[in-house]
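Engineer: For any residue, its number in this note's numbering is found by taking its place in the sequence shown, counting from 1, and adding 33.
Cβ coordinates follow ideal geometry from the N, Cα and C atoms, glycine included.
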Amino acid sequence: MDAPLIHELPPVFPVPPPRYRIDALSGRGGAGSVYRAFDYELGRPVALKFLRDDRPRYRARLLREARAQARVDHPNVCRVFDVVEEGERLFIAMQWIDGQRLDAIGSSLSLEEKIEVLEGRYKPHGTPC
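(1) Going by DSSP, name the residue or residues bridged to residue 78.
(2) Does the beta-carbon of residue 130 have 16 or more other beta-carbons within 10 angstroms, so that it is buried, or is it exposed?
(3) Helix, strand or coil for residue 150 per DSSP?
(4) For residue 56 and residue 119, I'd like the C-alpha separation in whole angstroms.
(5) In the DSSP assignment, what residue or residues form a beta bridge with residue 66?
(6) What does DSSP give as the partner residues of residue 128 in its beta bridges?
(7) Taking 8 Å as the threshold, find out whether the segment 135 to 146 comes into contact with the segment 74 to 91 through three or more Cβ pairs.
(8) Express the C-alpha separation of residue 143 and residue 99 in angstroms, rounding to a whole number.
(9) Under a CB-based cut-off of 9 Å, is residue 106 close to chain E?
(10) Does the distance from the CB of residue 70 to the CB of residue 53 come in under 9 Å?
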């Protein structure tokens, strides 16, 4: 069972280019927010990561993160599809991975299961192997 998305969008949320439709806020962190969105051009769900602070040093950090992540080809790391600069906003379009958020299930996992998550071997109960 998937963890619920955060359905309340903030009063003012990022407006992506017309290529994307934001569906829901998935999570917030110290650096920004991630939204579940739909990419009309490619016909698939994506994750859009927006910065909370668009000052140059944070934009540079996000760009470094996107470049580093784009070089990784591993089934346990989501793929970066694009880095988009729209006006003064910079955001990353990434692979959307359905599933439970770790912050939602972490307290219910045993230490062994947490290690399996880190190693990419964790399968929730009832999931085919």
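Structural biologist: Let's see:
(1) Position 45 of the sequence shown, counted from the start, is the residue given in the question as residue 78. DSSP output for residue 78 lists 71 as bridge partner(s).
(2) Here residue 130 is taken as the residue at index 97 of the sequence shown, counted from 1. With fewer than 16 Cβ atoms within 10 Å of its Cβ, residue 130 is classed as exposed.
(3) Residue numbering aside, residue 150 sits at position 117 when the sequence shown is read from its first letter. Here residue 150 sits in helix by DSSP.
(4) Counted from its first residue, the sequence shown places residue 56 at position 23. Counted from its first residue, the sequence shown places residue 119 at position 86. Each residue's Cα considered, the two are about 19 Å apart.
(5) In the sequence shown, counting from the first residue as 1, residue 66 sits at position 33. In the DSSP output, where bridge partners are listed per residue, residue 66 has 61 and 83.
(6) Counting from one through the sequence shown, the residue named residue 128 turns up at place 95. Its beta-bridge partners are 79.
(7) no
(8) For the purposes of this step, residue 99 is taken as residue 66 along the sequence shown, with counting starting at 1. For the purposes of this step, residue 143 is taken as residue 110 along the sequence shown, with counting starting at 1. Near 32 Å, if we compare the C-alpha coordinates of residue 143 and residue 99.
(9) Absent from the structure is chain E; it holds one protein chain and no more.
(10) Counting from one through the sequence shown, the residue named residue 70 turns up at place 37. Counting from one through the sequence shown, the residue named residue 53 turns up at place 20. Their beta carbons are under 9 Å apart, which means residue 70 touches residue 53 by this criterion.
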